[in-house]
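Novice: This structure is in structure tokens; I'll ask about it shortly.
2 protein chains.
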Amino acid sequence: MKVNVIVTLKEGVLDPQGKAIQQTLNGMSFSEVKEVRQGKYFDIEVNIEDEKKAKAKVEEMCKKLLANLVIEDYKIL
Amino acid sequence: MKVNVIVTLKEGVLDPQGKAIQQTLNGMSFSEVKEVRQGKYFDIEVNIEDEKKAKAKVEEMCKKLLANLVIEDYKIL
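Residue numbers (the numbering used here), protein chains in the order written: chain Y, 15 to 91; chain F, 15 to 91.
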């Protein structure tokens, strides 16, 4: 089955990439944009059919590789 | 309000970054990983309180800047 994960910077961690996107949008007449934060999205296909087991396995991957827990949070969808 | 967007590569478009993550996970004893596709996630705060209007505005941003519609799809959450 497929498991989706979003990895985002923790609140308070500077996000220069998001800031650049926000400024570009503001300059493109999207003046209503107040803040943009960018994160990563992973679509992971695993050979496990049990949803609970698959998600537990993906959580382990987040902790070991996909997210840097010092500055990032992950959310399994 | 905040609007979240996921931008992913269209099916069939090669994703070398996702492939590298998949191979790394396989090498880390996560042999159950069959495929990984990576995408981008945006958390956009706009000065619009009406949900429908905010999402319509963000859709416009996706078309004009955030996604390359030739190779990418976007999904507004």
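The beta-carbon is built from N, C-alpha and C at its ideal position, and this holds for glycine as well.
Measuring straight from C-alpha to C-alpha, what distance separates F/Val5 and F/Glu86?
Specialist: Nothing can be reported for residue 5 of chain F, as the shown portion of chain F is limited to 15 through 91.
Novice: Using a Cβ cut-off of 7 Å, which residues of the region 31-64 of chain Y contact any Cβ in chain F, in chain order?
Specialist: Result list: Thr38, Leu39, Met42, Phe44, Glu46, Val47, Lys48, Glu49, Val50, Arg51, Gln52, Gly53, Lys54, Tyr55, Phe56, Asp57, Ile58, Glu59, Val60, Asn61, Ile62.
Novice: Could you tell me whether the Cβ of Y/Val21 comes closer than 9 Å to any Cβ of chain F?
Specialist: By this cut-off, Y/Val21 is an interface position.
Novice: Against chain Y, does F/Glu74 count as a neighbour if the rule is that its beta carbon must be under 9 Å from one of theirs?
Specialist: Yes, F/Glu74 lies at the interface with chain Y (some Cβ there is under 9 Å from its Cβ).
Novice: Chain F partners of Y/Leu79, CB-CB under 7 Å?
Specialist: The contacting residues are Thr38, Leu39, Met42.
Novice: Could one say the Cβ of Y/Lys71 lies closer than 9 Å to chain F's Cβ atoms, at least one of them?
Specialist: So, interface residue.
Novice: Pull up the distance between the alpha-carbon of F/Glu59 and that of Y/Leu91, whole angstroms please.
Specialist: When rounded, the distance between both Cα atoms is 21 Å.
Novice: What did DSSP end up calling Y/Leu91 once you bin it into helix, strand or coil?
Specialist: Three-state DSSP puts Y/Leu91 in coil, outside helix and strand.
Novice: With F/Val27 and F/Leu80 assumed to form a contact (beta carbons below 8 Å), what rounded beta-carbon distance in angstroms separates them?
Specialist: F/Val27 to F/Leu80, Cβ: 16 Å. No contact.
Novice: For the candidate residues F/Arg51, F/Lys77, F/Glu46, whose alpha-carbon lies nearest to that of F/Asp29?
Specialist: Of the listed residues, the one whose Cα sits closest to F/Asp29 is F/Arg51.
Novice: Assign Y/Ile35 to one of three DSSP states: helix, strand, or coil.
Specialist: In the structure shown, Y/Ile35 sits in a helix (DSSP, three-state: H, G or I).
Novice: Please state whether the Cβ-Cβ distance between F/Gly41 and Y/Phe56 is less than 9 Å.
Specialist: Contact: no.
Novice: For the alpha helix (DSSP H) containing Y/Val84, name the first residue and the last one.
Specialist: From DSSP, Y/Val84 is part of no alpha helix (DSSP H); its letter is neither H nor E.
Novice: Under three-state DSSP, which class holds F/Glu25?
Specialist: In the structure shown, F/Glu25 sits in coil (DSSP, three-state: anything other than H, G, I, E or B).
Novice: Do you know offhand how far F/Val72's Cα is from Y/Lys24's?
Specialist: For F/Val72 and Y/Lys24, the distance between alpha carbons rounds to 23 Å.
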